[in-house]
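The next block holds one structure in the form of structure tokens; read it before the comments.
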Amino acid sequence: RNDGRPVMGVGGSSSGIGTAMSFWAANVGTETSGSILSPSNSNMLAGIKPTVGRISRWGIIPITADQDTAGPMARTVTDAAIFLGALESAAPDSNDPATNRCEAPLNRDYTAFLNTDGLQGARIGIPRAAYYDSILVPGTDRYQSRMSEEGRAVMTEAIQILQARGATIVDPADIPSVIDPDPETSLLTNSGSSVLNYGMKRDFNLWLASLEGTARVNTLTELREWNVDHRSSGAIKYDQARLDGSDEIDLEDDRATYEADRARDLELNGAKGIDQAIEENQLDALLFPASSGAGIAAKPGYPTVIVPFAFVMGNSDPEFPEGFEPKSRPFGVSFTGSACSEPRLIELAFAFEQA
């Protein structure tokens, strides 16, 4: 249950709730798309979702090596930064080729970037379209928006704090693929992908094989069958749609579709997404409300640091009945950058936290 609001979810598959309730100082989350950032936001934690490859995934049960990463969730940016250094290997792990992607800081010491003046001269971009303000989805009559009026007010306050601490705010700094009006090339109309299902069929079976027969099952198919056989004892309490969809994939027949989807994900979310927005505006980071930027950062495997900030009431459609007093929910602020930008993101997040 959520620490501050028992009826509210805890925000994903990572157990931030124990950290929020001080059962322990910090915890390791694992994220494919949102499962560090969402529970960090929901439980008022500082979370670091690292660049994919910053931390070795060897031994971690996978969904897809394309997006999976472990990362720290803690009560403060300082604790999360210390934990990140402990999780990172001193050298690339031969069991995980992705660990060649980023160079570790000296002695893997991320506390060197805990600078209270870290916002001085920083350039922070505001991706208004779809994340703050409504935008018409190309080829449809549907609008997409990510934020309530209460959330908008909170982010306005966050932006004012950033400015007061010396940051230059570039507003708007929209994501090019998000504001692309062409339905064929817009991120808003091309978010579906076979990458997760294909990756899980490929990587989960490889992980099982690495156990060398010590597990009760040896393939994803056998796991699904075991779950069905043990349904009465709660083996699939939350269904297994992800497993079923993944197991339907044929790794040879569906390879071309997967490769095309993966290339599109990298282009729309990375090259023509976060990267282009940062490069064109000469930014240090993009500022997302709460964990709303988790999806776009997940596909190219880019880092985000989320900081606890405020409480909001959220949306209700239809509106709450007269006299009903809804309880507030946590609302954090996220700093997102391109690959391997964790040191700068930690510096920005820490300075914001200390403001």
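1 is the number of the first residue of the sequence shown in the UniProt record's numbering; add one for each residue after it.
No residue lacks a Cβ here, since even glycine has one placed at the ideal position from N, Cα and C.
query = If you check the beta carbons only, do Gln-144 and Val-137 fall under 7 Å apart?
reply = Going by C-beta atoms, Gln-144 is nearer than 7 Å to Val-137.
Quiz item: Is Met-44 helix, strand or coil by DSSP?
Solution: coil
Could you check which residue in Asp-133, Tyr-131, Ala-122 has the C-alpha nearest to that of Ala-164? Ala-122
Q.
Taking 6 Å as the limit between beta carbons, can you name the residues of its chain near Cys-340, skipping five residues before and five after?
A. Thr-51, Cys-102
Item checked: Assigned exposure category for Asn-100 - 16 Cβ within 10 Å defines buried -> exposed
Would you call Asn-107 buried or exposed, if buried means 16 or more other Cβ atoms sit within 10 Å of its Cβ?
exposed
Report yes if the CB atom of Ile-346 is closer than 7 Å to the CB atom of Phe-23, and no otherwise. no
Do you know how far the Cα of Leu-243 is from the Cα of Ser-232?
18 Å
*If you compare alpha carbons, which of Gly-29, Asp-66, Pro-39 is closest to Phe-83?*
Gly-29
*Phe-331 and Ala-277: beta carbons closer than 7 Å?*
no
Which residues does DSSP list as the beta-bridge partners of Lys-49? DSSP output for Lys-49 lists Thr-304 as bridge partner(s).
* Is Pro-330 helix, strand or coil when you go by DSSP? -> strand
Of all the beta strand (DSSP E) runs that stay within the bounds of the stretch 238-318, which reach a length of 3 or more residues? 285-289, 304-312
**Q.** From Thr-156, Asp-133, Ile-126, Glu-150, residue whose alpha carbon lies closest to that of Pro-172
**A.** Ile-126
Are the beta-carbon atoms of Asp-174 and Arg-128 separated by less than 7 Å?
yes
> Which same chain residues, not among the five before or five after Arg-1, have their C-beta less than 6 Å away from its C-beta?
Replying inline: Any reading at Arg-1 must be qualified, since the residue scores a pLDDT of 49, below 50, and its modelled position is unreliable; the value itself is stated next. So no residue of the chain qualifies.
Just to check my reading of the structure: Ala-26 and Asp-79 have Cβ atoms closer than 8 Å, yes? What is that Cβ distance to the nearest angstrom? For a cut-off of 8 Å, the C-beta gap from Ala-26 to Asp-79 is around 5 Å, short enough to register as a contact.
Notebook entry, point to check: Between the C-alpha atoms of Glu-88 and Arg-142, what's the straight-line distance to the nearest angstrom?
Noted result: 43 Å
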